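Q:
Protein chains: 2
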Amino acid sequence: MPSRPDVRKVRRRKIAAVATIHDVAARAGVSVATVSRVLNGKELVREETSRQVRAAAKSLRYVPNVAARSLSIRRSQTIGIVLPDVHGEFFSEVIRGIDLAARAEGYHILVSGSHSDPGQMLEVVETMRGRVDGLVVMAPDVTIAPLEELPKMPVVLLNSSGVNGDAITIDNYGGARAMMRHLHELGHTRIAFVCGPRHNADARERLRGYRHAMRGTAAKSLRALEWSGDFTEESGFAAGSRIAAQAARPTAVFSANDSMAVGVLASLAAAGIKVPEAMSVVGFDDIPIVRYVAPPMTTMRVDIAELGRRAFALLLDAITDPAAHACRHERVGTTLVVRGSCMAPMNATKVSTQPHRAARGRSSSLNKGEVS
Amino acid sequence: MPSRPDVRKVRRRKIAAVATIHDVAARAGVSVATVSRVLNGKELVREETSRQVRAAAKSLRYVPNVAARSLSIRRSQTIGIVLPDVHGEFFSEVIRGIDLAARAEGYHILVSGSHSDPGQMLEVVETMRGRVDGLVVMAPDVTIAPLEELPKMPVVLLNSSGVNGDAITIDNYGGARAMMRHLHELGHTRIAFVCGPRHNADARERLRGYRHAMRGTAAKSLRALEWSGDFTEESGFAAGSRIAAQAARPTAVFSANDSMAVGVLASLAAAGIKVPEAMSVVGFDDIPIVRYVAPPMTTMRVDIAELGRRAFALLLDAITDPAAHACRHERVGTTLVVRGSCMAPMNATKVSTQPHRAARGRSSSLNKGEVS
DNA sequence: CCGCAAAATGTAACCGTTTACATTCGAGGG
DNA sequence: CCCTCGAATGTAAACGGTTACATTTTGCGG
């Protein structure tokens, strides 16, 4: 059966609609090794040969087969991003930041979202094995523990409480303290707080910052000023409604994130409570929309895209040299953005009229007034 | 040199930290073919053997190497999503919709955003070749023409004007008509329109719907009622400010998307014009935030996640059977969501008090009042 | 007990690269 | 003119699966 091989060859060639490195080699009159060398630009090749190869590749519209390449070099030039339920501007900003940074380095990104429980997340991570060189995992409310089982794959955690690996977090505590300082300086003492999800790391830190700041004030029954929420507009609306219905209202409401603050604003409007005259409202994150609610909202800006950028940078370092890579925990700062949603309470004297200093720590800086 | 091969073998085995199909085969005492058969569940294997193989795989924590698999079967089980500059809730919703649908079918998604010009997009698409089995391309303002060059890769266009391939679009025209009908029935005749980007397909269709509806009215100098915008809050704010400054103001403003409508709302608030008493404002898209602005906004809902889902379904069909696949152009409907941002103009009589019918065509339906 | 089809399993080619090592080429020194 | 030594290039073995085809078992009627 000397004809069998030929039959196969022919069939294969027909199926292969795209040129392979062999076709390029044949066309250029060189070997596949040379083609590979030219195209990867690593080793010595005569200029003349190089030109011919490049010409052949172009004329055949040759594009290397990525699967074969990854198989051979054991790298996929792709990183995975695993997110909890993807929605809202926060996540899309993170993706955007990573995407930009990754593309600049020739990396692709594989995205998977909508994971509420660790089990499902782990499953997805499993299916990503071999497909990605590293992972950015955003799991603000699950422990990292299950991820530890992953074999030899660089992972960067976003906004997680895990401390054993690479991680990038927002300076939530510092930001919350800075916001409280701002409110205090305006003269507020009865400040309510709308909490985020109980198991969310960001939410917890913001709450911690709030509580720390409240400790020094004269307000009694502090817990009575805290309202539960889950980072959604709805929950903010609900909390705001309850606050509005109170007899002795606080003079300011600090919401653990902007989405809830928007909900608070809507509920106060519905209750006929004027903002900021009757009550000040502030948020956290500086999502784009808060600039356009009425009144424009004072908030702590978090540079989310920067978060993504830094995460990729860290991951890339871990990927390129796993041995030399030292685990790091970076923190991105926050910036106070003052808009129209707060003012000094009606019958209270301002504590201080001079501009307050930048928030404690290098990671928080101050920015009065609208930013571009 | 009989020892060379051995040296290699040993080195390889050390490097290979993860088990391969050969390891599983050895452990189970069968051939690799059998392991492959068991794991893919396609062909006949004795139950007993199957059990052993599965046990061996589990004990070795075997995970197939995707690169090898793609190389062999010429499929990557991955689809690519190419978007223009990724930001805002719209894009994250699209991704979410596709992600959910894709995961259910065992597909992964490779995302690339932030492409403003066709050239850059084409470049990205090129680097995705071989990495993905198909593409969802969202290019509302570039022609499909350059994408035609792509060799044999299924592509589904989102919100594009190209008509030659698979595509999914929003029923922008029908939605705009339905919204205008709503405004007319409230008694509005002088209705301003804030346009989207000039080359954006969605924006154009919405404008077309608006213009068609205005044709029948008594309003003269129709173009004077149209204001330019680019889908951003800023541009909406700017347009709103100019409208507010006019002598003879319109009684309603129809914004080509919600983001701009939010900007319009903010500008009217700043100008002291009450909404909806002095002026009605409506948008398009029903992004989550518009429920929480003051007043809550009336808008045309677009089920964006559904858009993503449908896009994936179409793509999957094209991928699984390219030959039998017939190019389709699907359209997703819109739904009127009435909230508090519009009412009958002050000194005008309502044209009709009876509830209007569903928008013309099966793709638009009517929904009065808040939806869940 | 034999023969034989069907079922189960094994063998090895192939997918398209990369790359260690082998080979060839050409120039300069002896 | 031969030898040596780099530089340039070629050869072929991986990478880890899938699968067509070959081979071995099984089950069963005769």
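Residue numbers (the working numbering), protein chains in the order written: chain E, 1 to 372; chain G, 1001 to 1372. Backbone N, C-alpha and C define an ideal beta-carbon position, used for all residues, glycine too. No experiment lies behind these values; they were computed from the predicted model shown.
1. Give the DSSP bridge partners of Ser1255 (chain G), in chain order.
2. At a Cβ threshold of 9 Å, is Tyr292 (chain E) touching chain G?
3. Let me know if Ile1073 (chain G) comes out buried or exposed under the rule of 16 or more other beta-carbons within 10 Å of its beta-carbon.
4. Are Met1327 (chain G) and Leu1186 (chain G) touching if we call contact CB-CB under 9 Å?
5. Going by alpha carbons, who is nearest to Ala252 (chain E) out of E:Ile170, E:His184, E:Val18 and E:Ile191?
6. Quick check on DSSP: helix, strand or coil for Thr34 (chain E)?
7. Determine which residues of the region 122-133 of chain E have a Cβ less than 8 Å from any Cβ of chain G, and write them out in chain order.
8. Nearest by alpha-carbon distance to Gly1263 (chain G): which of G:Arg1242, G:Ala1313 and G:Arg1249 is it?
9. Please classify Glu48 (chain E) as buried or exposed, where buried requires at least 16 other C-beta atoms within 10 Å of its C-beta.
10. Residues of chain G with a CB under 7 Å from the CB of Leu135 (chain E): which are they?
11. Please check if any C-beta of chain E sits within less than 9 Å of the C-beta of Ala1139 (chain G).
12. Within the 9 Å Cβ cut-off, does Thr1020 (chain G) reach chain E?
13. Would the beta-carbon of Thr1298 (chain G) fall within 9 Å of that of Gly1340 (chain G)?
14. At a threshold of 8 Å, does Gly1209 (chain G) count as lining the ligand PLP (C-beta to nearest heavy atom)?
15. Quick check on Ala145 (chain E) - is its C-beta less than 9 Å from some C-beta in chain G?
16. Threshold first: 3 residues or longer. Then list the beta strand (DSSP E) segments lying entirely within the region 1048-1108 of chain G, N to C.
17. Mapping the DSSP letters down to three states, classify Phe231 (chain E) as helix, strand or coil.
18. Do Gly80 (chain E) and Ser112 (chain E) have their C-beta atoms closer together than 9 Å?
19. Could you check the C-alpha separation between Asp321 (chain E) and Ala1178 (chain G) for me, to the nearest Å?
20. Please state whether the Cβ-Cβ distance between Glu233 (chain E) and Met214 (chain E) is less than 9 Å.
21. Please list, in chain order, the chain G residues whose beta carbon lies closer than 8 Å to that of His108 (chain E).
22. Taking 9 Å as the CB-CB limit, is Ile289 (chain E) close to chain G?
23. Name the chain E residues that come within less than 9 Å of Ile1273 (chain G), Cβ to Cβ?
24. Measure from the alpha carbon of Asp166 (chain E) to the alpha carbon of each residue in E:Leu60, E:Ile319 and E:Ser36, then state which is nearest.
25. Identify which residue in G:Ser1160, G:Ser1235 and G:Leu1207 has its Cα closest to the Cα of Glu1226 (chain G).
26. Measure from the alpha carbon of His184 (chain E) to the alpha carbon of each residue in E:Asp23, E:Tyr210 and E:Ser160, then state which is nearest.
27. Beta-carbon of Pro296 (chain E) versus every beta-carbon of chain G: anything under 9 Å?
28. Where does His182 (chain E) fall in DSSP's three states?
29. Assign Met1127 (chain G) to one of three DSSP states: helix, strand, or coil.
30. Taking 9 Å as the CB-CB limit, is Arg194 (chain E) close to chain G?
31. Quick check on Asn40 (chain E) - is its C-beta less than 9 Å from some C-beta in chain G?
32. Between which two residues does the beta strand (DSSP E) carrying Ile1170 (chain G) extend?
33. In whole angstroms, what is the alpha-carbon distance linking Ser59 (chain E) and Ser1092 (chain G)?
34. Using 8 Å for Cβ pairs, my map puts Leu1307 (chain G) next to Ile1095 (chain G). What's the rounded Cβ distance?
35. Return the bridge partner residues of Asp1285 (chain G) from the DSSP annotation.
36. How big is the Cα-Cα spacing for Pro295 (chain E) and Ala1266 (chain G)?
A: According to the structure data:
1. In the DSSP output, where bridge partners are listed per residue, Ser1255 (chain G) has G:Val1194.
2. yes
3. exposed
4. In the sequence as displayed, the identity of residue 1327 (chain G) is Cys instead of Met. Not a contact, by the Cβ cut-off of 9 Å.
5. Residue E:Ile191 holds the alpha-carbon nearest to the alpha-carbon of Ala252 (chain E) among E:Ile170, E:His184, E:Val18 and E:Ile191.
6. helix
7. Val124, Glu126, Thr127, Met128, Arg129, Gly130 and Arg131
8. G:Arg1242
9. exposed
10. Simply none; closest approach about 13 Å.
11. So, not an interface residue.
12. no
13. yes
14. As presented, the structure is devoid of all ligands, the ligand PLP included, so that no description of it is given.
15. Note that Ala145 (chain E) scores a pLDDT of 49, beneath 50, so its modelled location is shaky and nothing firm can be said.
16. Within the region 1048-1108 of chain G, the runs of beta strand (DSSP E) that reach at least 3 residues and sit entirely inside it are, in chain order, 1078-1082.
17. Looking at Phe231 (chain E) - three-state DSSP - the assignment turns out to be coil, as it is neither helix nor strand.
18. yes
19. 59 Å
20. no
21. Leu1110, Ser1112, Thr1127, Met1128 and Arg1131
22. yes
23. Under the 9 Å cutoff, chain E gives no residues; its nearest Cβ is about 12 Å from Ile1273 (chain G).
24. E:Ile319
25. G:Leu1207
26. E:Tyr210
27. yes
28. helix
29. Going by the sequence as given, residue 1127 (chain G) is Thr instead of Met. DSSP places Thr1127 (chain G) in helix when its eight states are reduced to three.
30. In the sequence on display, residue 194 (chain E) carries Val and not Arg. Judged by the 9 Å Cβ criterion, Val194 (chain E) is not in contact with chain G.
31. no
32. Asp1166 to Ile1170
33. 39 Å
34. Going by Cβ atoms, the distance from Leu1307 (chain G) to Ile1095 (chain G) rounds to 11 Å, so no, they are not a contact pair.
35. G:Arg1301
36. If I take the Cα positions, the gap works out to 8 Å.
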